[in-house]
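Here the structure is laid out as structure tokens; the discussion comes afterwards.
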Amino acid sequence: AFDMGKDIQNYLWRIGGKTAALFATATEGGASLAGCDDGTVEAMRVYGYSLGMAFQIVDDVLDFNGDEEEMGKPVGSDLLEGTITLPGLLLLERYPKDNPIKRFFQAKRDRERFLKAAIDRVLDTEVLDVSLDMARDYVRRANEAINPLPDNAAKETMLELGEYVLGRRS
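Reminder that position 17 of the sequence shown reads as 17 in the working numbering, one-by-one numbering, no gaps.
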């Protein structure tokens, strides 16, 4: 449910405890089960966490600018469910006056009109670019985490996975 008091730090904490933690558990667990040394296990944990953060941020951007058929859900579905994500938080932070996201959540009726206005405002501002810049920074962190690992096909695939996350459309 929506809470207007949520800020970007709370958002990052929330996705860090969900999507990023899931990715980190998978990569750390895989390295541990494979018998890797502690340094490699930690590198894989940081890689997975950072990749998971980027994945969720891109997912939240796609909720505003994605193709409904490719995504399998309507644009703006997070807002409709009462979830405010990074693009919306950035819009609230940067444009606090006359903000359509705020009006959407305050509306008692005719919410569809306010939803469209909120989506349009997000698309007309820099907040999606800023969000994607943050996702790129998390991919950079993921790549830095595995930089000390030996150069091989597995590492190359992990580096490519970050680029895939940034370029995905659904």
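Backbone N, C-alpha and C fix where the C-beta goes; we use that ideal spot for every residue, glycine too.
Given the structure is predicted, the values throughout are model-derived calculations rather than measurements.
Among the residues of its own chain, which have a CB less than 8 Å from the CB of residue i, if the five just before and after it don't count?
i, result
"lysine 18", "Gln56"
"isoleucine 146", "Ala43, Met44, Tyr47, Lys155, Met158 and Leu159"
"arginine 136", "Ala54 and Leu166"
Going by DSSP, what residue range makes up the alpha helix (DSSP H) through residue i?
i, result
"glutamate 181", "The shown model of the chain, from 1 to 170, leaves out residue 181, and the question about it has no answer."
"asparagine 143", "127-146"
"isoleucine 84", "Here isoleucine 84 belongs to no alpha helix (DSSP H), and DSSP marks it neither H nor E."
"aspartate 124", "111-124"
"asparagine 10", "8-17"
"tyrosine 164", "153-167"
"proline 100", "100-106"
Assuming residue i contacts residue j (C-beta within less than 8 Å), just tell me the rounded distance between them.
i, j, result
"serine 131", "aspartate 60", "7 Å"
"arginine 121", "leucine 91", "6 Å"
"glycine 52", "alanine 31", "The pair is not a contact, with the Cβ atoms about 15 Å apart (cut-off 8 Å)."
"leucine 123", "phenylalanine 64", "6 Å"
"leucine 166", "valine 139", "6 Å"
"alanine 26", "tyrosine 49", "At roughly 10 Å, the Cβ-Cβ gap does not stay under 8 Å, so alanine 26 and tyrosine 49 are not in contact."
"alanine 153", "alanine 54", "Between alanine 54 and alanine 153 the Cβ distance is about 22 Å, and since that is not below 8 Å, they are no contact."
"leucine 89", "isoleucine 15", "The pair is not a contact, with the Cβ atoms about 12 Å apart (cut-off 8 Å)."
Keeping to the same chain, check which residues put their C-beta closer than 6 Å to that of residue i; ignore five residues upstream and five downstream.
i, result
"phenylalanine 134", "Checking the sequence, you will find methionine at residue 134 rather than phenylalanine. Here the set comprises Ile57."
"alanine 117", "Pro100"
"threonine 85", "Asp60 and Asp78"
Excluding the five sequence neighbours on either side, which residues of its own chain have a C-beta within less than 7 Å of the C-beta of residue i, listed in chain order?
i, result
"glutamate 81", "none"
"arginine 168", "Val58"
"phenylalanine 104", "Leu79, Arg111, Phe114, Leu115 and Ala118"
"threonine 40", "Ala31 and Leu149"
_With a threshold of 8 Å, are at least 3 pairs of Cβ atoms found where one atom belongs to the region 157-164 and the other to the region 75-83?_
no
_To test your reading of the DSSP string, which unbroken alpha helix (DSSP H) runs of 4 or more residues are found completely within the region 39-81?_
68-71 and 77-80
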